[in-house]
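Report on one structure; see the data block that follows.
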Amino acid sequence: MAAVFLVMLYEYSPLFYIAVVFTCFVVTTGLVLGWFGWDVPVILRTSEETQFSTRVFKKQMRQVKNPFGLEITNPSSASITTGITLTTDCLEDSLLTCYWGCSVQKLYEALQKHVYCFRISTPQALEDALYSEYLYQEQYFIKKDSKEEIYCWLPRDNKIEDFGTVPTSRYPLVALLTLADEDDREIYDIISMASVIHIPDRTYKLSCRIFYQYLLLARGQFHDLKQLFMSANNSFTPSNYSSSEEKNTDRSLLEKVRLSKSEVEPSENSKDCVVCQNGTVNWVLLPCIHTCLCDGCVKYFQQCPMCRQFVQESFALCSQKEQDKDKLKTL
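Converting from the sequence shown to this note's numbering requires adding 28 to each position, the first position being numbered 1.
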């Protein structure tokens, strides 16, 4: 009966066409304007809304304490013939072992062995993994919490003035820091730190610097330690407004990521977010490693405001609870 009625409307009444078109119009308008509460992607929305609705994956940062610290003292004076001075800052008694002319291939094979075969927690373990593919070795004992300056040099008896043209098959210097006490290896997640250091020679005159630093974990992992690029020299806020509380906040952030002054030298205003100029910088953007956004501004950016590179992941230097604790400590 209903079918017969619809057929009659279809054949004799022009109002049927009008009703169908009007119904379709109302349904489409409702979907576009979101009357029904359905989140339907529509091309009529502005690009700005689409950008803000796209979420950047936020990584959960796992904080670990790095017991090792190593930096170069007076890098401009270092060379293969005159040697190099290293400054250490270790939380526990440690051993500094220097491998001059270490094979590039054997070093990375040793890092893979740390993952799959045995743990490189002692200088002997690394030496076994390198198969003695180095030219000279020297070792020093580092006392706890003592910022010692260690002078390392390659004896002139080796008669080495360079390691060949680029790309060389040997690194000039690989410095390994390991914990001296076996009991300390049970406390820390990081048990060794290997630093690849370039030292200028007769052929390759690039200034002295640390190329890579690898943190070796007790669970059989190794991570490439990288510097964070933090905002500095902010000209929008006068430096006279910086208080002692703000300086303590900056220092606590650096301590959480275990950065030395040589790696990041923030100005008094480096805490300011580069966007709002008010919030505390807390978010690290990956893969560009720029640390320039606060908790309030990070959700609005799909590209880094410093270099315009697309943000694939991000993580916070410290949680809101930790920030509140730091403020209470400074009061």
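Here a beta-carbon is modelled for each residue, glycine too, at the ideal position from N, C-alpha and C. If you're wondering where the values come from, they're calculated on a predicted model, not measured in any experiment.
For the 8 Å CB-CB criterion, L182 and G111 form a contact. Within the DSSP bridge table, the entry for T206 names L123, S220 as partners.
Bounds of the alpha helix (DSSP H) holding D156 are 151-158.
Out of V202, L154, Q305, the CA that lies nearest to the CA of I238 is found in V202.
Proximity to S131 across G192, C346, Q255 peaks at G192, based on C-alpha coordinates. Contact holds between the region 131-149 and the region 200-218, because three or more Cβ pairs, one in each stretch, are under 8 Å apart. In the three-state DSSP reduction, A31 falls in the helix class (H, G or I). By the beta-carbon neighbour count (other beta carbons within 10 angstroms, threshold 16), I46 is exposed.
K172 sits close to L119, with the two beta carbons spaced by under 8 Å. Secondary-structure assignment with DSSP links D229 through no beta bridge to anything. With a contact defined as Cβ atoms closer than 8 Å, T113 and E176 miss out at about 10 Å. Three or more Cβ pairs closer than 8 Å define a contact, and the region 336-344 meets that threshold against the region 304-319. For the pair D323 and M334, the Cα-to-Cα distance works out to about 16 Å.
Annotation: S197 to N306 spans about 49 Å, alpha carbon to alpha carbon. Per DSSP, E189 lies in no alpha helix (DSSP H) segment and is marked neither H nor E.
For A138, the uninterrupted alpha helix (DSSP H) segment begins and ends at 132-144.
The Cβ neighbour count for D300, taken over all protein chains shown within 10 Å, is at least 16; the residue is labelled buried. Close CB contacts of E166 within its chain, under the 7 Å cut and outside five residues either way in sequence, are with C126, C180 (chain order). Remark: C-beta atoms of L253 and I219 do not approach each other more closely than 8 Å.
Under the three-state reduction of DSSP, T110 is assigned to coil, being neither helix nor strand. A direct Cα-to-Cα measurement between T109 and N102 gives close to 15 Å.
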